[in-house]
């Protein structure tokens, strides 16, 4: 799966869970500062991403996933 | 010192009879039933397969992302509160948020969320349980969401007294304003528990009607053929305001919330006292608190849920506490029983009865019970002068709440 495909998959999840416009989702964007994803919604995003991409994202990793690009890199490395 | 007067300046509701107050009131005056057959698969095995669902589903009325973080009882509380708030005209009045309070309760709470998330827990494990579960099912959730919606900072409260909740929440709002803690309190109740487990639970108590083949005729307070209540869902919200505050801004006033009486039976966890002793005291206290003449209370919106014992116990209580002159109605015959929202919806009906000088009908009253020796607006609305009216609510646990409204 390419980085663009993972970004697109995350954009779908972010739209469903937090109402984020998919056009706003890009690797440089911060989940909290740019996309307004609050902490409870981030939990939902992580669980949905695990399911969608078939990966495990432990809680202690989640704090390192500041940007969409961080998440894409982590998912790409796991899958 | 003169007592602080409290008036009602806004009302909102979403009910089995309509998506707002106007449509609900119109349906009531026309004697329409909001009860229908439950066609969902989960209802097939239940002894009770009828209920009174919302006429207008909340989906589409609130933002999709917001809705998935709300229990149904919270969503409809917000919808009713938005209506009441808009109706009050307080939105652009410059009200200090520190003078705005909320008192909204629910009889059962976020049961639909609890059940849905338990299904997820069983099927997919704990990690799949929504992080929104707790704020969705906590009993103070509806009050908290209404408070957030309006930015209320004078205190957000959620009383719970089963089927007396809506009325008790209104009584608490009255107390808050009288005590000087707020100038405006958004008060009422909400309930949304039409699902297999709550129905099975009430049904096991033999509290519900099993007239499955005639849904619209199942809720029949005071009728000889009554066999239990019909579960309804909905929310009713009132904007209570210090009378001087309302007058200063030239607000439209529906009615005055003149008094409240609250007592507990100390008798049984679910059975009403057979002579309605606690209800008698609640009604007497409400009348004394309102400082109105009994003869002015010409109408009573009764609790009357359509259960064999409760309906007649209330009649006895009304006789003793109020006399034999008022004209009664049981709007649950049309709306079904909204549990924690019932007292709020019925307060709205009581207020509109005063405003429009009309008692909405009690439908399905074909053969009155021998114990019904008070006058009822049976099957047809009755136009009459209503200077003051009483609304009764009683709840499992032995809670009795009586509210007196008077013409503004």
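Chains as they are written, first to last, in full-length UniProt numbering: chain H, 1 to 79; chain X, 1 to 408. Where is the CB? At the ideal position from N, CA and C, for every residue including glycine.
Under a Cβ-count criterion, where at least 16 other Cβ atoms within 10 Å of its own Cβ denotes burial, should residue i be classed as buried or exposed?
| i | result |
| --- | --- |
| residue 303(X) | buried |
| residue 325(X) | exposed |
| residue 42(H) | buried |
| residue 79(H) | exposed |
| residue 256(X) | buried |
| residue 400(X) | buried |
| residue 77(H) | exposed |
| residue 47(X) | exposed |
| residue 32(H) | exposed |
Starting from residue i, follow its DSSP beta bridges and name the residues at the other end.
| i | result |
| --- | --- |
| residue 50(X) | 37(X) |
| residue 396(X) | Looking at the DSSP assignment, residue 396(X) forms no beta bridge with any residue, so it has no partner. |
| residue 237(X) | 12(X) and 188(X) |
| residue 208(X) | 229(X) |
| residue 178(X) | Answer is none; residue 178(X) lacks a bridge partner. |
| residue 405(X) | 257(X) and 389(X) |
| residue 264(X) | 399(X) |
| residue 300(X) | 328(X) and 390(X) |
| residue 242(X) | 6(X) |
| residue 195(X) | Paired residue(s): none; residue 195(X) is not in a bridge. |
| residue 382(X) | 359(X) |
| residue 59(X) | 62(X) |
| residue 67(H) | 30(H) |
| residue 36(H) | None, per the DSSP bridge assignment. |
Any C-beta of chain X sitting closer than 8 Å to the C-beta of residue i?
| i | result |
| --- | --- |
| residue 27(H) | no |
| residue 54(H) | no |
| residue 44(H) | yes |
| residue 49(H) | no |
| residue 18(H) | yes |
| residue 40(H) | yes |
Is it the case that the Cβ atoms of residue i and residue j are separated by a distance below 8 Å?
| i | j | result |
| --- | --- | --- |
| residue 369(X) | residue 311(X) | yes |
| residue 107(X) | residue 232(X) | no |
| residue 182(X) | residue 97(X) | no |
| residue 344(X) | residue 101(X) | no |
| residue 34(X) | residue 88(X) | no |
| residue 341(X) | residue 201(X) | no |
| residue 174(X) | residue 286(X) | no |
| residue 191(X) | residue 234(X) | yes |
| residue 71(X) | residue 38(X) | no |
| residue 31(X) | residue 80(X) | no |
Please confirm whether residue i has its beta-carbon closer than 8 Å to some beta-carbon of chain H.
| i | result |
| --- | --- |
| residue 126(X) | no |
| residue 33(X) | no |
| residue 131(X) | yes |
| residue 64(X) | yes |
Can residue i be considered in contact with the ligand NAD, in the sense that its beta carbon sits closer than 7 Å to one or more heavy atoms?
| i | result |
| --- | --- |
| residue 389(X) | What this structure holds is no ligand at all, so the ligand NAD is not there to describe. |
Hey, is the region 210-227 of chain X in contact with the region 57-66 of chain H, meaning 3+ C-beta pairs nearer than 8 Å?
Short answer: they don't touch.
At least three beta-carbon pairs within less than 8 Å, the region 104-119 of chain X to the region 275-288 of chain X
No contact exists between the region 104-119 of chain X and the region 275-288 of chain X.
Is the region 118-138 of chain X in contact with the region 187-195 of chain X, if contact means three or more CB pairs nearer than 8 Å?
Using a C-beta cut-off of 8 Å, the region 118-138 of chain X makes no contact with the region 187-195 of chain X, since fewer than three inter-stretch Cβ pairs fall below that distance.
Spell out a yes or no on whether the region 314-324 of chain X and the region 343-363 of chain X are touching, meaning 3 or more CB-CB pairs, one atom from each, closer than 8 Å.
No: fewer than three Cβ pairs fall under 8 Å.
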